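Shown next, in structure tokens, is the structure this report addresses.
2 protein chains.
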Amino acid sequence: MARPKDENKINTIYEATLKLVLKTGFNGLKMADVAKAAKLATGTLYIYFKNKDVLINELFLHLKKAKTTEVLKAYNPNDAFEEAFRKMWFSYLDISLREPERMLFIEQFAHTSFLTKKTKQQGNQLLAPLAVFIESGIKNKKLRHLPVDIVLSQVLGPIYEMVKLEKEGTVKLSTQQKQALYEMAWNAVKL
Amino acid sequence: MARPKDENKINTIYEATLKLVLKTGFNGLKMADVAKAAKLATGTLYIYFKNKDVLINELFLHLKKAKTTEVLKAYNPNDAFEEAFRKMWFSYLDISLREPERMLFIEQFAHTSFLTKKTKQQGNQLLAPLAVFIESGIKNKKLRHLPVDIVLSQVLGPIYEMVKLEKEGTVKLSTQQKQALYEMAWNAVKL
DNA sequence: TTTTTAACTGAACATTAATTCACTTATATT
DNA sequence: AATATAAGTGAATTAATGTTCAGTTAAAAA
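Respectively, the protein sequence lines represent chains A and B. All the letters of the first sequence, read from the start, carry residue numbers 1 to 191 under this note's numbering. All the letters of the second sequence, read from the start, carry residue numbers 192 to 382 under this note's numbering.
See the structure below:
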């Protein structure tokens, strides 16, 4: 080997891409700009990512993986169901509000044609541990008897809504409001 | 005047654009394709819409207006609060599921840079009657004491989630499941 | 019927940006 | 030190597509 391939460059590229995509949207995203923001020549960017689509797909998975991993850190198998639910819910909310760009990127692309079927599937796969958790809640009569996908989306969707509102500057959630939102989520899904 | 400007053409263009945007996303949307789908020459399209951005912005408002108008039809001022809430909720759900393309278009663009500030603002304006209704519920202690924007987003967001799931083919809601979803929404926001 | 006017046409133009590639540079190996 | 190899460069190529415009056609007015 010669000059070592700096693994960190990939992160730098991710950061640059995320920033630019959030500012300009996918169509406004120019590979030349990404390269510049990551302090690379355009051609060098293509050493790291075969093309624009690959870049977006890999960034999506990267972000989703980082996020789900962090949320699952809040999970303690010894907790009673609602306690575990509560901890993860707040974890998800806090992470989402702390890094709204990441969440918006994920949600903005999750259902579009920029992502390949495979990427979407791999993305959903990352939620598997959460799905298992929800499933157990349904089995044990803690949660409404509905398909896991529905329960999950009804819990996570409202959080996404809050991120959008905060991002727009419409609201800035207080601690009490966060608590209220948690109660709303729990009241919705609990049996 | 000479050849009459067929006002219907605009609707034809809207339909064509909607179909194509949903298939290819905004960047994949080619004006030439829109024209072809609407059975016009490319140049003619520019008589009806100054450019691509204008087309998207006007289509957004058109769809949002049609949708909110239809939802508000379900409103009867004589109903008790929860009854009115229930009717509009089901109306919103049914409309959304019946024409998922329209909802997905609206939601997909609502928070992106394709839309001008003005368009976004006009779009929000359309929700004013709903906001007033929610406000009255809060005043009369029927609903949780939270900013209207939050309550609205927490009610509508979960419906959007369902549209996404149905579109993906993940689920097909049964009548009972719709009922369950309504209860979840109401349990979340009721005081 | 003639004239006027506005809709309509689509090839040509202009712009923009993704991708390539012939070449350079830096590091590791021998 | 010499060589090999992989990272890095950015101008040139290529492809795509938004927009324009000089000319055509159809309907209404005169």
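Virtual Cβ for every residue (Gly too), placed ideally from N, Cα, C. The model shown is predicted, which means the values in this text are computed figures rather than measured ones.
Inter-residue spacing [alpha-carbon to alpha-carbon] between residue i and residue j
{"i": "leucine 78 (chain A)", "j": "leucine 130 (chain A)", "result": "Correcting the residue identity first, residue 78 (chain A) is asparagine in this sequence and not leucine. Distance between the alpha carbons of asparagine 78 (chain A) and leucine 130 (chain A) is about 16 Å."}
{"i": "glutamine 121 (chain A)", "j": "asparagine 57 (chain A)", "result": "12 Å"}
{"i": "proline 147 (chain A)", "j": "threonine 24 (chain A)", "result": "36 Å"}
{"i": "alanine 84 (chain A)", "j": "lysine 200 (chain B)", "result": "56 Å"}
{"i": "glutamine 316 (chain B)", "j": "alanine 379 (chain B)", "result": "25 Å"}
{"i": "glutamine 179 (chain A)", "j": "tryptophan 89 (chain A)", "result": "11 Å"}
{"i": "leucine 343 (chain B)", "j": "isoleucine 325 (chain B)", "result": "7 Å"}
{"i": "leucine 165 (chain A)", "j": "glycine 348 (chain B)", "result": "11 Å"}
{"i": "phenylalanine 26 (chain A)", "j": "leucine 104 (chain A)", "result": "13 Å"}
{"i": "methionine 222 (chain B)", "j": "lysine 243 (chain B)", "result": "7 Å"}
{"i": "methionine 192 (chain B)", "j": "threonine 235 (chain B)", "result": "For methionine 192 (chain B), the pLDDT reaches just 47, beneath the cut-off of 50, and the residue's location in the model is therefore unreliable, although a value from the coordinates is still provided. So the two alpha carbons sit approximately 17 Å from each other."}
{"i": "valine 354 (chain B)", "j": "histidine 111 (chain A)", "result": "11 Å"}
{"i": "serine 113 (chain A)", "j": "glutamate 359 (chain B)", "result": "12 Å"}
{"i": "threonine 260 (chain B)", "j": "glycine 314 (chain B)", "result": "12 Å"}
{"i": "alanine 226 (chain B)", "j": "lysine 139 (chain A)", "result": "53 Å"}
{"i": "alanine 33 (chain A)", "j": "leucine 334 (chain B)", "result": "Per the sequence shown, the amino acid found at residue 33 (chain A) is aspartate instead of alanine. C-alpha separation (whole angstroms): 48 Å."}
{"i": "glutamate 273 (chain B)", "j": "alanine 376 (chain B)", "result": "12 Å"}
{"i": "aspartate 340 (chain B)", "j": "serine 327 (chain B)", "result": "13 Å"}
{"i": "threonine 55 (chain A)", "j": "phenylalanine 49 (chain A)", "result": "As written in the sequence, residue 55 (chain A) is leucine, which differs from the threonine given in the question. When rounded, the distance between both Cα atoms is 6 Å."}
Residues of its chain near residue i, where Cβ-Cβ distance is below 7 Å and the 5 sequence neighbours each way are ignored
{"i": "tyrosine 14 (chain A)", "result": "Leu59, His62"}
{"i": "valine 307 (chain B)", "result": "Note on residue identity: the sequence assigns threonine, not valine, to residue 307 (chain B). Closer than 7 Å at Cβ, skipping near neighbours: Asn248."}
{"i": "tyrosine 182 (chain A)", "result": "Arg86, Trp89, Phe90"}
{"i": "isoleucine 286 (chain B)", "result": "Lys258, Glu261, Val262"}
{"i": "valine 362 (chain B)", "result": "Leu356"}
Nonlocal neighbours in the same chain, by C-beta distance under 8 Å from residue i, ignoring five residues either side
{"i": "threonine 310 (chain B)", "result": "Asn248, Phe251, Leu252"}
{"i": "lysine 141 (chain A)", "result": "Leu191"}
{"i": "tyrosine 75 (chain A)", "result": "Ala84, Lys87, Met88, Pro129, Phe133"}
Close-in-space but distant-in-sequence residues of the same chain around residue i (CB under 6 Å, 5 per side omitted)
{"i": "arginine 102 (chain A)", "result": "Leu63"}
{"i": "isoleucine 297 (chain B)", "result": "Leu254, Lys255"}
{"i": "leucine 284 (chain B)", "result": "Ile350"}
{"i": "leucine 29 (chain A)", "result": "Leu20, Val21"}
### Residues, ordered as in the chain, of the segment 135 to 149 of chain A that lie near chain B by beta-carbon distance below 7 Å
Listed in sequence order: Arg144, Leu146, Pro147, Asp149.
### Short-range partners of chain B found in the segment 63 to 94 of chain A, where Cβ spacing is below 8 Å
Identification of residues in the segment 63 to 94 of chain A having a C-beta nearer than 8 Å to some C-beta of chain B yields an empty set.
### Task
Please specify which runs of the alpha helix (DSSP H), each continuous and at least 4 residues long, are wholly inside the segment 134 to 170 of chain A, giving them in chain order.
Unbroken alpha helix (DSSP H) runs of no fewer than 4 residues, entirely contained in the segment 134 to 170 of chain A, are found at 148 to 168, following chain order.
### Message
Along the segment 295 to 315 of chain B, where does the CB come closer than 7 Å to a CB of chain A? Name the residues.
### Response
Residues of the segment 295 to 315 of chain B with a C-beta atom less than 7 Å from some C-beta of chain A are His302, Thr303, Ser304, Phe305, listed in chain order.
### Query
For the segment 195 to 217 of chain B, which residues have a beta carbon sitting closer than 7 Å to at least one beta carbon of chain A?
Residues Thr215, Gly216, Phe217.
### Length at least 3, wholly inside the segment 262 to 320 of chain B: the beta strand (DSSP E) runs in chain order
Entirely contained in the segment 262 to 320 of chain B, not one beta strand (DSSP E) run reaches 3 residues.
### Query
If you measure beta-carbon to beta-carbon, which residues of the segment 351 to 370 of chain B are closer than 9 Å to chain A?
If the cut-off is 9 Å between Cβ atoms, the segment 351 to 370 of chain B has Tyr351, Glu352, Met353, Lys355, Leu356, Lys358, Glu359, Thr361, Val362, Leu364, Gln368 near chain A.
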